[in-house]
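Written below as structure tokens is the structure these notes are about.
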Amino acid sequence: MYRTKNCGELRMQHVGEQVTLAGWVQTVRKFGSITFSDLRDRYGITQLYFNELLNSQLDSTPIGREYVLQVTGKVVERSNKNNKIPTGEVEVEVASFKILNAAEVPPFTIEENTDGGDELRMKYRYLDLRRPTLRRNLELRYKVNRSVRNYLDTLGFWDIETPFLIKSTPEGARDFVVPSRMNQGQFYALPQSPQTFKQLLMVSGYDRYYQVVKCFRDEDLRADRQPEFTQVDCEMSFVEQEDILNTFEGLFKHVFKDVKGVDITYAFPRITFDDAMWHYGNDKPDIRFEMKIQNLKVDGAVNCLTIAQAIGGFKVFDEAETILAICVPGASEYTRKQTDEITEWAKRPQIGMTGVINIKCNNDGTFKSTVDKFFSAEQQAEIAAFCGAGKGDLILLLAGKETRTRKAMSELRLEMGNRLGLRNHDDYKPLWVIDFPLFEYDEDGNRWVARHHPFTSPKPEHIELMNDLSRYGEIKANAYDIVLNGTEIGGGSIRIFQRHLQEKMFAALGMSKEEAQEKFGFLMGAFEYGAPPHGGIAFGFDRLCALLGGQESIRDFIAFPKNNSGRDVMLDAPSAIDEAQMKELGLK
RNA sequence: GAGAUCAUAGUUCAAUUGGUUAGAGCACCGCCCUGUCACGGCGGAAGUUGCGGGUUCGAGUCCCGUUGAUCUCGCCA
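In terms of my numbering, the first sequence opens at residue 251 and continues consecutively.
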């Protein structure tokens with residue numbers, strides 16, 4: 251046995267015991283004739299004490315950072331205790347030690363706060379993973395995983411694996427493909443999700459299925475996106491939307507309680523997609539703070555009369571399709587510099603507005619705005635009243651095309667939430683967004699596409715509208731997202747389970763009968779052999795872990811992540827393959 | 001496909017309007033040190049300023065190109 255105890259477990263109660271530890275040398279502190287060293291493993295850090303005798307051995311066999319060391323000695327009470335670490339009351343007085351493996355000097359410090367940059371840490375990921383920060387993240391991930399499995403197991407869900415080498419489909423994200431050697435010139439695709447398989451499992455009668463499973467999408471990346479990522483994929487039969495929302499709301503409450511000790515006792519708020527867009531400008535509202543969007547004018551229709559009554563006419567407002575406002579509480583004292591900063595922020599190409607109008611509702615009841623020329627004090631008071639602004643508040647207005655302006659206002663709201671410190675990551679405010687549109691119009695492709703995916707069922711009362719192309723935009727789906735603190739962490743739908751409706755759906759998406767048969771014949775065939783009503787949901791597992799860990803980036807919650815360009819900088823993948831391999835695969 | 005920011009010692013950063021021999025912290029190496037735990041003291045080594053071109057008497061600094069990184073928009077059913 252290499253060790254009798256680990257580096258995190260020794261306490262006062264162990265004083266006097268003879269122990270053997272094995273781990274990595276974190277630091278060496280030499281004092282002439284005695285030496286202290288910290289030994290680290292996954293469980294913690296234990297101080298080693300080399301007395302005068304042992305110290306001379308260190309001269310002949312020196313130890314350095316990250317050496318793998320085995321020591322045997324007696325646990326003793328420290329004369330100077332360290333209350334910063336759990337083992338800080340004791341130390342091991344080394345009687346003998348053995349270097350199990352020497353180590354090069356690592357390229358960055360392996361401590362709580364490393365001095366290494368992202369790229370370097372990725373290249374030496376196995377070293378970065380020794381740091382307590384990363385270790386805690388992966389531990390959290392494991393606990394979330396276990397908690398999810400425990401909950402679903404209790405409810406009788408079965409974990410069933412589905413294949414990774416599958417067929418490429420045209421809809422949705424770009425597929426990763428894998429050439430087939432035995433079928434030259436043909437390719438498998440890696441699944442974007444196990445969607446069709448889990449539906450087939452429902453047809454097979456496995457009415458409660460889940461899987462913690464890798465999914466693959468060949469799209470451009472972000473801090474919270476990886477080319478391969480993990481989903482908690484679930485599906486149930488003989489359920490309605492209500493059953494699914496209740497079941498998985500329960501899952502979230504369980505995980506929050508289990509992993510974070512957070513008790514959410516109330517029912518998650520539910521908000522329709524339309525309301526979310528109207529009040530927050532997006533379909534994943536951050537409801538940790540209010541600051542709801544005020545719709546002064548939308549698609550040319552004026553809701554706040556005053557804004558159409560500018561003195562001598564105000565071109566910016568008159569010509570705008572949409573005018574939106576938010577009321578920033580307690581910000582009326584913002585300086586010119588601060589409001590300019592906000593304007594500059596809105597003018598960045600990613601936001602794309604030409605400016606931000608502000609009205610300061612001063613504490614003395616007066617108004618000061620960038621549009622004093624166009625609106626009298628009384629008129630500004632009316633606008634303030636419409637926006638629900640009181641003394642001391644700052645109203646920010648954006649005007650322009652509906653889509654762009656709403657999107658920009660959504661971003662501005664979040665930005666102001668950040669500036670005011672209203673987005674505390676310890677504050678968990680989950681909600682359901684429901685009643686998503688079934689279709690959305692794809693401007694580039696000049697066609698209607700499925701907003702969720704083509705297996706999503708329209709609301710029964712809206713099926714009729716599928717016969718009228720001009721009303722596609724009105725059709726709502728039995729689709730829902732779960733949103734946490736402004737991030738979509740899961741989404742799902744009640745599925746289509748009848749062949750005729752599925753055919754109708756494919757036709758609505760502009761797919762010919764032949765094409766639908768070729769791509770999804772297996773699914774429609776299955777629907778002819780007794781498919782039960784079913785529906786499900788999938789959660790972005792990496793994102794959920796990052797949120798629970800209070801971080802933006804999912805990378806440090808994945809043991810071996812890829813960088814911004816989808817590269818594994820440790821392996822240096824992807825890479826070229828040799829000529830012979832190419833030939834064998836029929837690629838050359 | 002696009003925008004922003006960045007690239008200088010092992011590492012994290014600095015270097016004034018373009019001006020002497022490119023500096024500092026940490027890490028590393030050597031010597032000293034019996035209670036440290038961010039140990040301390042003294043000394044030392046360490047650089048093709050990502051790469052290629054240009055402007056200039058002179059470029060880490062300005063310009064063009066290129067490669068890579070981070071964040072974002074498009075994209076991600």
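Positions of the beta carbon are idealized from the N, C-alpha and C atoms, including for glycine.
Given residue i as reference, the closest of the options once Cα atoms are compared
i, options, result
"Q461", "I746, R697 and Q481", "Q481"
"G786", "L415, I410, D457 and S397", "D457"
"R328", "F523, R749, G562 and E343", "E343"
"K833", "G771, I543 and Q434", "Q434"
"Q445", "E411, L715 and L797", "E411"
"P783", "S454, R292 and T522", "S454"
"L402", "G500, N532, Y722 and F636", "G500"
"V278", "Y530, I543, I295 and G800", "I295"
"G760", "R697, L303, A781 and D731", "R697"
"E540", "G736, Y317, L837 and I284", "G736"
"R805", "R654, R391 and M774", "R391"
"R399", "H703, D483 and F414", "D483"
"E632", "N553, K507 and R380", "N553"
"K709", "I746, G741, G695 and T383", "I746"
"K547", "I521, F286 and F636", "F636"
"D536", "A526, Q544 and N545", "A526"
"S743", "G406, I601 and H702", "H702"
"E661", "T593, F705, A634 and T616", "T593"
"Y530", "G640, G314, K657 and Q491", "K657"
Beta-carbon proximity list for residue i, same chain, < 7 Å, skipping 5 on both sides
i, result
"F347", "L319, Q320 and V321"
"F567", "I557, A560, I573 and A649"
"I808", "Q476 and D792"
"K393", "V509"
"F777", "F747, Q748, R749 and Q752"
Per DSSP, the bridge partner or partners of residue i
i, result
"E485", "Y459 and G786"
"D731", "V683 and G741"
"G650", "T572"
"T270", "T322"
"Y469", "It should be pointed out that residue 469 corresponds to Glu in this sequence rather than to Tyr. Answer is none; E469 lacks a bridge partner."
"D692", "R697"
"R279", "F286"
"E478", "F466"
"K726", "P687"
"I416", "A439"
"C577", "I645"
Endpoints, the alpha helix (DSSP H) within which residue i is located
i, result
"T593", "R586 to K597"
"L672", "Per DSSP, L672 belongs to no alpha helix (DSSP H) and is neither H nor E."
"R290", "Taken as a continuous stretch (DSSP letters only), R290 belongs to no alpha helix (DSSP H), being part of the beta strand (DSSP E) at I284 to D291."
"D643", "Looking at the DSSP string, D643 is not in any alpha helix (DSSP H), and its letter there is neither H nor E."
"I633", "A627 to C637"
"C554", "Taken as a continuous stretch (DSSP letters only), C554 belongs to no alpha helix (DSSP H), as it is neither H nor E."
"F756", "R749 to A758"
"C795", "F791 to L798"
"K709", "No alpha helix (DSSP H) contains K709, which DSSP labels as neither H nor E."
"A830", "E829 to E834"
"T446", "Q445 to V453"
For residue i, the first and last residue of its enclosing beta strand (DSSP E)
i, result
"G294", "G294 to F300"
"V427", "V427 to P429"
"F506", "Unbroken run through F506: none, as it is neither H nor E."
"K769", "Element bounds for K769: not the beta strand (DSSP E) but the alpha helix (DSSP H), K763 to F777."
"F617", "F617 to S619"
"F437", "F437 to A439"
"K610", "I607 to C611"
Nonlocal neighbours in the same chain, by C-beta distance under 8 Å from residue i, ignoring five residues either side
i, result
"V427", "S418, F437, Y438, A439 and L440"
"I607", "V566, S619, T620, V621, L646, L647, L648 and A649"
"S803", "A473, D474 and A796"
"R381", "I360, E361, E362 and T364"
"R424", "R467, D468 and E469"
"K838", "E829 and M832"
"T270", "M251, Y252, R253, T254, K255, Q320, V321 and T322"
"G671", "none"
Residue i CB to nearest heavy atom of the ligand PLP below 7 Å
i, result
"A639", "Inclusion of the ligand PLP in the displayed structure is not the case, the ligand content being empty and no account of it being possible."
Cβ neighbours of residue i in the same chain (closer than 6 Å, five flanking residues each side left out)
i, result
"K503", "I514"
"Y730", "W682 and I684"
"G273", "C257, L289, R290 and D291"
"L835", "P429 and R431"
**OP:** Within the region 518-548, note down every full beta strand (DSSP E) run reaching 3 residues or more, in order along the chain.
**Re:** 520-522 and 544-548
Original post:
Of all the alpha helix (DSSP H) runs that stay within the bounds of the region 322-393, which reach a length of 4 or more residues?
Top reply: 368-373 and 375-378
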